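Asker: Protein chains in written order, with the numbering used here: chain A, 1 to 338; chain B, 1001 to 1338.
1) What did DSSP end up calling residue 55 of chain A once you bin it into helix, strand or coil?
2) Identify each residue in the region 1299–1329 of chain B for which the Cβ-Cβ distance to at least one residue of chain A is less than 7 Å, and report them in chain order.
3) Are any of the Cβ atoms in chain A nearer than 8 Å to that of residue 1014 of chain B?
4) Run through chain B and tell me which residues come within less than 9 Å of residue 101 of chain A, C-beta to C-beta.
5) Report the option in A:260, A:4, A:240, A:281 whose CA atom is closest to the CA atom of residue 130 of chain A.
6) Going along chain A, which residues have a C-beta under 8 Å from residue 1050 of chain B?
7) Considering only DSSP beta bridges, list what residue 1139 of chain B is partnered with.
8) CB-CB under 6 Å to residue 1075 of chain B, same chain, minus the five flanking residues each way: which ones, in chain order?
9) Using three-state DSSP, classify residue 222 of chain A as helix, strand or coil.
10) Answer yes or no: does any C-beta atom of chain A fall closer than 8 Å to that of residue 1247 of chain B?
11) Of all the alpha helix (DSSP H) runs that stay within the bounds of the region 142–189 of chain A, which reach a length of 4 or more residues?
12) Can you list the residues of chain A that residue 1089 of chain B reaches, using a CB-CB cut of under 9 Å?
13) Tell me the residue span of the beta strand (DSSP E) that contains residue 1307 of chain B.
14) Can you check whether the CB of residue 1230 of chain B is closer than 8 Å to the CB of residue 1145 of chain B?
15) When the cut-off is 8 Å and only beta carbons count, does residue 1208 of chain B lie next to chain A?
16) Is the shortest distance between the beta-carbon of residue 1226 of chain B and the beta-carbons of chain A less than 8 Å?
17) Report the three-state DSSP secondary structure of residue 102 of chain A (helix, strand or coil).
18) So with CB distances below 9 Å, who are the chain A contacts of residue 1083 of chain B?
19) Between the Cα of residue 1154 of chain B and the Cα atoms of B:1213, B:1313, B:1232, B:1187, which residue gives the shortest distance?
20) In chain order, what residues of the same chain lie with their CB nearer than 6 Å to the CB of residue 105 of chain A, ignoring the 5 residues before and after it?
21) Residue 90 of chain A and residue 139 of chain A - do their beta-carbons sit closer together than 8 Å?
22) Using a Cβ-Cβ cut-off of 6 Å (strictly less than) and excluding sequence neighbours within five positions of residue 1143 of chain B, which residues of its own chain qualify?
23) Which of helix, strand or coil does DSSP assign to residue 315 of chain A?
24) Taking 8 Å as the CB-CB cut-off, is residue 1138 of chain B touching chain A?
25) Taking only three categories from DSSP, how would you classify residue 199 of chain A?
26) Let me know if residue 1245 of chain B comes out buried or exposed under the rule of 16 or more other beta-carbons within 10 Å of its beta-carbon.
27) Find the residues of chain B that neighbour residue 161 of chain A, judging by a C-beta separation of less than 9 Å, and give them in chain order.
28) Taking the straight line between their C-alpha atoms, what separation do you get for residue 1304 of chain B and residue 62 of chain A?
29) Do residue 134 of chain A and residue 1134 of chain B have their C-beta atoms within less than 8 Å of each other?
30) So, are the CB atoms of residue 1220 of chain B and residue 1082 of chain B less than 8 Å apart?
31) Taking the alpha helix (DSSP H) that residue 1383 of chain B falls in, what are its first and last residues?
32) Drop a sphere of 10 angstroms on the beta-carbon of residue 1161 of chain B, count the other beta-carbons inside from all chains shown, and report buried for 16 or more, exposed for fewer.
33) For residue 240 of chain A, name the three-state secondary structure that DSSP assigns.
34) Return the chain-ordered list of same chain residues with a C-beta closer than 7 Å to the C-beta of residue 120 of chain A, the five sequence neighbours on each side being excluded.
35) Nearest to residue 1053 of chain B by alpha carbon, out of B:1072, B:1314, B:1184, B:1064?
36) Output needed for residue 210 of chain A: all residues of its chain with C-beta closer than 6 Å, excluding positions within five of it in sequence on either side, in chain order.
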């Protein structure tokens, strides 16, 4: 059975099951001109969107439908996480080329629904249509956050501690393995591949940090550590000094760099991108408390990777004590190519 | 200057001006991980999305950037209109191929911002990325509606009057002129082309109908009158009988059908699609009052085109009194081609 045979409305009926995982607050889900929901009282609304385009963001023969569905939602949940928010509703638009098998799309929705269910996010609507060339996905996520806990990029102050909620660089190394056609069936390569195709949004981590008090700014790592911490610096009007030896990198990334002669893992961590963990800045008097609470909550450390300094300074200090200027440029989909 | 030269962040800075036309209620617009807004108290939230794909929904050499920007937002505002709602925030995602000139994109945002300004809709965020082939646009619109005024597809009852807020079939005729390469520089062809590339969302009409009382169901005409009134019939569990002679068609469409030997204008009106006016059903005791109020508010009639009947009946009665079964199939982007 093909998409052409079942048609747009047949496809919508097919995917509709299990889209509504949190019916309370939903007045009308898929099936009318617009979805209708009841905003939560006394909370701010959040909204974010990400577009994933075949041959720009993914190669269909290197990522399963299930992984692509997971990732398409995960990158949006990560944005909500970076605001300290809770994700509520997802709106999913798909432009589907004729050669895309129905099984791939079934997998796509399976992966997306599994992640949506985990975080109690409804798939509340969207649009499905044909495409003459590339499979293209847009996901919009609506979330909410108590006003006092909203995390922006603009709140960092000189003296704050810069922290990361996870390891960096694995996703970019995983992408490299996919590009190079390396068999990723075994560890440690499968772990790197997984970091790229099945990123875990740090929603629980973002909520914990937002509620902890003392966290002054946050962002998720999509373009790369260097670029994304640059956004905090720019929006906050401050500088940043990172410590190379403190940047958390996995053993898998170290093995990758050694085995394939790929240089310093810290460079992959700084410029890689698509890690989808969070970076945050914490006021110095709250840092110990927040780090301890984080470790207790998640059983792993909140990594202190640097400090907020005076504007004009934007550097990483190497193991030899030498400061190297950081580049604010991260991944740019218009100027770089796979 | 090209998109490649200015990059993603340069492009975002370029389009950012005048995106915020209703700053009250917005906590953070473009520039953070997610946009932040303050939901209106005592209203339901509405959300809808539409994907427009080059070579499926439009041909880039037949529609200007300004028209495409207008239309991409208009089709979403039309969905909000069909719920009786007010549009509030738009989230705009663009996948841009390398050969798309910056001037085309500037026009796109100009057209979109002009329409957004008219209805006080903020462009609050989105995503911009590259594309290897087609220009692809996803717009998500968030709106709101007082709960008592929400219009669904599912409220029609036997005996209700079926009405349309505008003329039907012009848009499809305009598309045909574009496909056939007819010079649309002069009337009446330019009027038909305009109906296709610059549809006017019936937001004011939708609000008026929602507030009037007695309107039991509504939908906007995107797939075509026959298909869309079919959705109301299906969701409401009723039948529909339309009267062909009551279906409002323009003189331009009549001229088009005569000049190009294109048959009965009523067929274009029934199966055309993309009209983006509204269909609604009104309880019989309220119909006179609502129609009078509509005509007074907008200076044109609310067209009575049929009635809601028992389930199982789904037909149009021709000028000769013969009933012809209606087809529920409208435009299907998977099975039909331009």
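Note that beta-carbon positions come from the ideal geometry of N, C-alpha and C, so glycine has one too.
In this text the structure is predicted, and so the values were computed from the model without any measurement.
Answerer: This is what the structure holds:
1) coil
2) none
3) no
4) Result: empty, since nearest Cβ-Cβ is about 14 Å, beyond 9 Å.
5) A:4
6) 93, 127
7) B:1050, B:1092
8) 1050
9) coil
10) no
11) 170–180
12) 45, 47
13) 1303–1309
14) no
15) no
16) no
17) helix
18) 28, 32, 33, 34, 36
19) B:1232
20) none
21) yes
22) 1046, 1080, 1085, 1086, 1087, 1088
23) strand
24) yes
25) coil
26) exposed
27) Within 9 Å Cβ-Cβ: nothing; residue 161 of chain A doesn't reach chain B, min ~20 Å.
28) 55 Å
29) yes
30) yes
31) What the structure shows of chain B is the stretch from 1001 to 1338, and residue 1383 of chain B is not part of that stretch, so it cannot be assessed.
32) buried
33) strand
34) 21, 22
35) B:1072
36) 84, 149, 151
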